[in-house]
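Q: Following this message is one structure expressed as structure tokens.
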């Protein structure tokens with residue numbers, strides 16, 4: 007499902023798949039600011055990266071002498087998230103450890119992404135909750151692709 011957030015200035019569409027923003031439109035001009043996810047070039051607009059940003063050199067890593075395989079930028083961006091809160095101008099998505107994540111990342115966690123429209127901007131907040139009893143290494147990031155030119159103003 008895709009959730010549409012709007013205020014007087016902008017409209018943002020956020021997908022339940024990876025909590026990814028899929029469209030950002032200036033309501034006055036009608037201009038789209040996020041890349042159109044043309045699969046010929048790249049099938050994303052603004053993927054969320056967790057629990058790693060980047061790739062492992064050989065596609066895997068070792069933790070406590072056990073090998074784990076994880077795709078580039080982690081597993082959140084390609085998997086469903088639960089939408090736990092929606093208002094007219096904000097949405098919060100949650101991803102918890104499960105049978106998909108544990109073989110790649112053996113920790114118990116809750117990962118939240120909140121998108122909030124504030125005037126002509128989008129505020130993105132990430133929250134990571136370690137529900138495990140051990141230190142949980144992670145990275146969080148975003149990989150937005152914009153249709154923009156120098157001097158552009160939303």
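In this note's numbering, the protein residues as written are 7 to 160.
Glycine residues also receive a C-beta, built at the ideal position from the N, C-alpha and C atoms.
#1: CB-CB under 6 Å to residue 82, same chain, minus the five flanking residues each way: which ones, in chain order?
#2: How big is the Cα-Cα spacing for residue 142 and residue 36?
#3: Work out the CA separation of residue 135 and residue 104 for me, nearest whole Å.
#4: Counting along the chain, where does the beta strand (DSSP E) carrying residue 27 start and finish?
#5: For residue 76, collect the residues of the same chain with a Cβ closer than 6 Å to its Cβ; drop the 5 residues on either side in sequence, then sort them by chain order.
#6: Within 10 angstroms of its Cβ, does residue 27 collect 16 or more other Cβ (buried), or is it exposed?
#7: Using CA coordinates, which residue listed in 48, 86 and 96 is at the minimum distance from residue 7?
#8: Sort out for me which residues DSSP pairs residue 63 with in a bridge.
#9: Would you call the CB atoms of residue 95 and residue 38 closer than 9 Å?
#10: So the beta strand (DSSP E) residue 119 belongs to, where does it begin and stop?
#11: Thinking C-alpha only, which one of 156, 158, 149 and 155 is nearest residue 50?
#12: Return the chain-ordered list of same chain residues with a C-beta closer than 6 Å to the C-beta of residue 5, the five sequence neighbours on each side being excluded.
#13: Does the Cβ-Cβ distance between residue 74 and residue 112 come in under 9 Å?
#14: Do you know how far the Cα of residue 41 is from the Cα of residue 32?
A: Considering the structure as presented:
#1: In the chain shown, the residue the question calls residue 82 occupies position 76. The residues are 24, 54, 56 and 101.
#2: As a working note, residue 142 is residue 136 in the chain shown. As a working note, residue 36 is residue 30 in the chain shown. Residue 142 and residue 36 have their C-alpha atoms some 43 Å from each other.
#3: Within the chain shown, numbered from 1, the residue matching residue 104 stands at position 98. Within the chain shown, numbered from 1, the residue matching residue 135 stands at position 129. The alpha-carbon atoms of residue 104 and residue 135 are separated by roughly 14 Å.
#4: For the purposes of this step, residue 27 is identified with residue 21 of the chain shown, where counting begins at 1. Unbroken beta strand (DSSP E) run through residue 27: 27-32.
#5: The sequence position of residue 76 within the chain shown is 70, counting from 1. Around residue 76: 110.
#6: Translated into positions along the chain shown, residue 27 becomes position 21. By the neighbour-count rule (16 or more Cβ atoms within 10 Å), residue 27 is buried.
#7: Numbered from its first residue, the chain shown carries residue 7 at position 1. In terms of Cα proximity to residue 7, the closest of 48, 86 and 96 is 86.
#8: Locating residue 63 in the chain shown gives position 57, counting from the first residue. DSSP output for residue 63 lists no bridge partner at all.
#9: By one-based count along the chain shown, residue 95 stands at place 89. By one-based count along the chain shown, residue 38 stands at place 32. Taking 9 Å as the Cβ cut-off, residue 95 and residue 38 do not qualify as a contacting pair.
#10: Taking the chain shown and counting its residues from 1, the one referred to as residue 119 is at position 113. Note, residue 119: beta strand (DSSP E), 115-124.
#11: Within the chain shown, numbered from 1, the residue matching residue 50 stands at position 44. Measuring from the Cα of residue 50, the nearest candidate turns out to be 149.
#12: Since the first and last residues shown for the chain are 7 and 160, residue 5 lies out of range.
#13: To locate residue 74, count along the chain shown from 1; it is residue 68. To locate residue 112, count along the chain shown from 1; it is residue 106. Result yes, Cβ atoms of residue 74 and residue 112 sit closer than 9 Å.
#14: Counting from 1 along the chain shown, the entry for residue 32 is found at position 26. Counting from 1 along the chain shown, the entry for residue 41 is found at position 35. If you take the alpha carbons of residue 32 and residue 41, they lie about 14 Å apart.
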